[in-house]
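Undergrad: Okay, handing you the structure first.
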């Protein structure tokens, strides 16, 4: 779980609401007030968790940019037969990029990349039909390329144009670049990650309120069995 300070006042309110709920059951009032209280508590707790979760998502996006991605180049004839690579420096200050061979594998060292853009020189990130390489004849009709396209405006009027390999990497890069510029991450992936992480943390917090012990370390791995005779050996032929 995330390291987030306990919200002691709200925990006390929550426990009081639970106690009040139980006492109301015996008088037939049944939970209308209690349900409202529970809902308000969970909503407030979600709001408290969101900034920490957003920061976690931001760091994950920047880490992925540091790992780098291989992108396809599109020629004037719309052929996608050449590749280039781009990654963020570990100090998050420079984007290194350059052409690579088609069969290059793994992470590419920035020393082998010929070009760079300083993050401080990035003015904006544009996407889809606003990208200069999508304004060419016929490009706007290609919905798949349109949804994977984004560009960096740097210096005065220079663009670095991207077409992501897939939607997931498109979200990673547009989120990461917006995070570098101090802007909001608005991709569908961020919304999904946000909901999943906040919901998971909320459930863990509520388990804690019910006095269910969550260990700080994983349980020990049990000893190996004395014999493996119970395992079927597929290498042996049986008659």
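In our numbering, the protein residues as written are 5 to 243. From the three backbone atoms N, C-alpha and C, an ideal C-beta is built for every residue, glycine too. Since the structure is predicted, the reported quantities are computational estimates derived from the model, not experimental observations.
Below 8 Å, how does it come out for the region 193 to 210 and the region 68 to 75: are there three or more Cβ pairs, yes or no?
TA: Touching, no.
Undergrad: Which partner residues of residue 157 appear in the DSSP bridge assignment?
TA: DSSP output for residue 157 lists 128 and 163 as bridge partner(s).
Undergrad: First and last residue of the beta strand (DSSP E) that includes residue 78?
TA: Premise fails: residue 78 is in no beta strand (DSSP E) and is neither H nor E.
Undergrad: Just tell me which of 223, 225, 206 and 158 has its CA closest to the CA of residue 46.
TA: Nearest C-alpha to residue 46: 206.
Undergrad: In chain order, what residues of the same chain lie with their CB nearer than 7 Å to the CB of residue 188, ignoring the 5 residues before and after it?
TA: Here the set comprises 182.
Undergrad: On the three-state DSSP scale, how would you describe residue 230?
TA: Reduced to three states, the DSSP call for residue 230 is coil.
Undergrad: Would you list the residues sitting across from residue 221 in a DSSP beta bridge?
TA: Looking at the DSSP assignment, residue 221 forms no beta bridge with any residue, so it has no partner.
Undergrad: Within a Cβ cutoff of 6 Å, which residues of the same chain sit near residue 98, ignoring the five residues on either side of it in sequence?
TA: If we look at residue 98 and ignore the five residues flanking it on each side, its Cβ neighbours are 120 and 122.
Undergrad: In terms of residue numbering, what span does the alpha helix (DSSP H) encompassing residue 102 cover?
TA: Element bounds for residue 102: not the alpha helix (DSSP H) but the beta strand (DSSP E), 98 to 104.
Undergrad: If you compare alpha carbons, which of 194, 158, 230 and 171 is closest to residue 3?
TA: Residue 3 is absent from the structure shown; the chain starts at 5 and stops at 243.
Undergrad: Between the Cα of residue 191 and those of 169, 184, 177 and 100, spot the shortest distance and give me the residue it belongs to.
TA: The residue with the shortest Cα to Cα distance from residue 191 is 177.
Undergrad: Among 164, 230 and 209, whose alpha-carbon lies nearest the alpha-carbon of residue 48?
TA: Nearest C-alpha to residue 48: 209.
Undergrad: Can you look up residue 190 in the DSSP assignment and give me helix, strand or coil?
TA: The answer is coil: DSSP assigns residue 190 none of H, G, I, E or B.
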